[in-house]
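Trainee: In the working numbering, the protein residues as written are 4 to 178.
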């Protein structure tokens, strides 16, 4: 199956958070449980564009922290699975509970813990600075690093391949 054929089937985006929606660094504040994360605003806007195009969005993350959950709620994700240490079980749980077929899902990851979800989903993306081992299971490697526009790049590819990009851009430009 071609890249284009795989992308046409995608109805749902599933993201890892740390290293994908962030640059992977974790900062701590002075108080207990004060994790500090930085998210790229263009990645967030791309997620909103995908949602406007009728694509569902959600996350599968091994970490559970307030910073991640706050940002995911801000982005109005359709589902948030955090604190899931076994991502193989987690992705299957998402398929069941969200009534999704694996081939309808695009997964974006950065490290070996993402390999199984990437293998199971219909289209998989590794961020530009993700570990080289993921090239075995990824359909696409972004040029941009995690937390630095990789999600934007992947979503733009998806929306262009699905023929939805130009319609979305009419809100911003006279095309």
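Idealized CB from N, CA, C, for every residue including glycine.
Taking 8 Å as the cut-off, does the stretch 35-46 touch the stretch 123-135 (at least 3 CB pairs, one atom from each stretch)?
Mentor: Segments in contact, no.
Trainee: Below 8 Å between beta carbons: does that hold for residue 29 and residue 21?
Mentor: Numbered from 1 along the chain shown, position 26 holds the residue referred to as residue 29. Numbered from 1 along the chain shown, position 18 holds the residue referred to as residue 21. Cβ distance < 8 Å, so residue 29 and residue 21 count as in contact.
Trainee: How would you label residue 170, buried or exposed, when you count the other beta carbons within 10 angstroms and need 16 or more for buried?
Mentor: To locate residue 170, count along the chain shown from 1; it is residue 167. Burial call: exposed.
Trainee: Using the three-state DSSP reduction, which class does residue 63 fall into: helix, strand or coil?
Mentor: Residue 63 sits at position 60 when you count from the first residue of the chain shown. Residue 63: strand per DSSP, three-state reduction.
Trainee: Does DSSP put residue 82 in a helix, a strand or coil?
Mentor: Mapped onto the chain shown, residue 82 falls at position 79. Residue state, collapsed to three classes: strand.
Trainee: If contacts are defined as beta-carbon pairs under 8 Å, then residue 19 and residue 63 qualify, I think. What distance do you get, rounded to the angstrom?
Mentor: In the chain shown, counting from the first residue as 1, residue 19 sits at position 16. In the chain shown, counting from the first residue as 1, residue 63 sits at position 60. Yes, residue 19 and residue 63 are in contact; Cβ-Cβ is about 6 Å, under 8 Å.
Trainee: Would you kindly work out how many angstroms separate the C-alpha atoms of residue 103 and residue 14, rounded to a whole number?
Mentor: Stepping through the chain shown from its first residue, residue 103 is reached at position 100. Stepping through the chain shown from its first residue, residue 14 is reached at position 11. Going from the Cα of residue 103 to the Cα of residue 14 covers about 9 Å.
Trainee: Should residue 27 and residue 149 be called a contact, given that it needs their Cβ atoms to be closer than 8 Å?
Mentor: As a first step, residue 27 must be located in the chain shown, where it is residue number 24. As a first step, residue 149 must be located in the chain shown, where it is residue number 146. It is a contact, given that the beta carbons lie within the stated cut-off.
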